[in-house]
Amino acid sequence: MALSTKFYGLSSKRELWLPLFTQVRFSRYKPTYVPPVVNRQSYEDGSLPLDISTPVKAAVGDITSAFTYDPLVHKFVNVMNKKGQKETVSKIMEKTFEIIKSKQVEKYNRASEMDKSSLETSPRVIFMKAIENCKPSMGLVTIKRGGKNYQVPSPLKDNRQRFLAMKWILQECEKKPLKMHMPEKLAQEFLDAFHDQGNVVKRKHDLHRQCEANRAYAHFRWW
């Protein structure tokens with residue numbers, strides 16, 4: 001469709017240019033709705049921050065109040081999940097925790113009485129500590145100024161830090177020999193990261209050093 005004059009002053013051409021609108025993702029719940037509480041302890045000790053009149057959102061299909069449920073493990077399973085094989089990935093994580101448990105218990109039985117107190121045998125504690133040791137606090141963002149691209153250091157949000165830590169661990173597992181099963185690869189990476197060692201921790205430190213080297217470009221960051 002052609003017009004003889006400008007349309008909303010957006011173009012001088014004899015064409016119809018409609019203004020662009022950004023699509024907003026609407027929520028199906030009103031702001032008064034609160035997320036569900038899946039912590040069983042909140043129900044048992046009476047500290048549930050809800051009453052009968054409070055509207056509650058529907059729970060996610062794969063969330064549970066079982067004592068074995070861990071939100072961080074659940075996120076790692078989602079990151080590792082490919083082609084909808086979530087059940088297979090969950091079994092891989094269970095096998096990984098079994099390998100970590102057996103290795104740490106074996107070390108515990110061989111250790112002296114003085115060293116036993118410093119050994120951690122819980123695979124979930126090792127997993128959470130490993131993710132925490134791999135999380136980078138700073139990252140690099142490419143910004144173009146004057147026809148050149150600059151790697152500008154920028155602080156990372158907690159969700160981004162956690163995602164990069166999980167992604168790097170999985171990428172490091174892909175570099176290992178194919179004859180080595182995935183649970184063994186993950187167990188080795190988690191144990192190395194738990195002791196603040198391994199290639200993933202080294203990659204985090206390399207990124208921090210690169211951010212320190214590019215601190216002169218920090219003034220390009222405006223957000």
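If you're matching positions, the sequence shown starts at 1 in the UniProt record's numbering and goes up one per residue.
Glycine residues also receive a C-beta, built at the ideal position from the N, C-alpha and C atoms.
Residue environment analysis places Glu172 among the buried positions, since at least 16 neighbouring C-beta atoms fall within 10 angstroms of its C-beta.
In the DSSP assignment, Gln161 falls within the alpha helix (DSSP H) that extends over 158-174. Of all C-beta pairs linking the stretch 68-75 to the stretch 104-120, fewer than three are shorter than 8 Å, placing the two stretches out of contact. Judged by DSSP in its simplified three-state form, Ser42 adopts helix.
Take Ser90, set aside five residues on each side of it, and the residues of its chain with a beta-carbon closer than 7 Å to its own are Val77, in chain order. Looking at Ser154, Lys204, Phe190, Ala218, the one whose alpha-carbon comes closest to that of Ile100 is Phe190. Exposed is the label assigned to Trp222, since fewer than 16 other Cβ atoms lie within 10 Å of its Cβ.
According to DSSP, residue pairing for Gln151 in a beta bridge involves Thr142.
If you draw a straight line from the Cα of Ala59 to the Cα of Lys167, it is about 27 Å long. Looking at the DSSP output, Val56 sits in a beta bridge with Val34.
In the three-state reduction of the DSSP assignment, Tyr108 falls in the helix class. Here the alpha carbon of His195 sits roughly 29 Å from the alpha carbon of Asn214. Under the 10 Å beta carbon count, Asp158 is surrounded by fewer than 16 other beta carbons and is classified as exposed. In the displayed model, Phe97 falls within a helix according to three-state DSSP.
Pro35 counts as exposed, since fewer than 16 other beta carbons sit within 10 angstroms of its beta carbon. Counting only the Cα atoms, Val141 lies some 44 Å from Tyr43.
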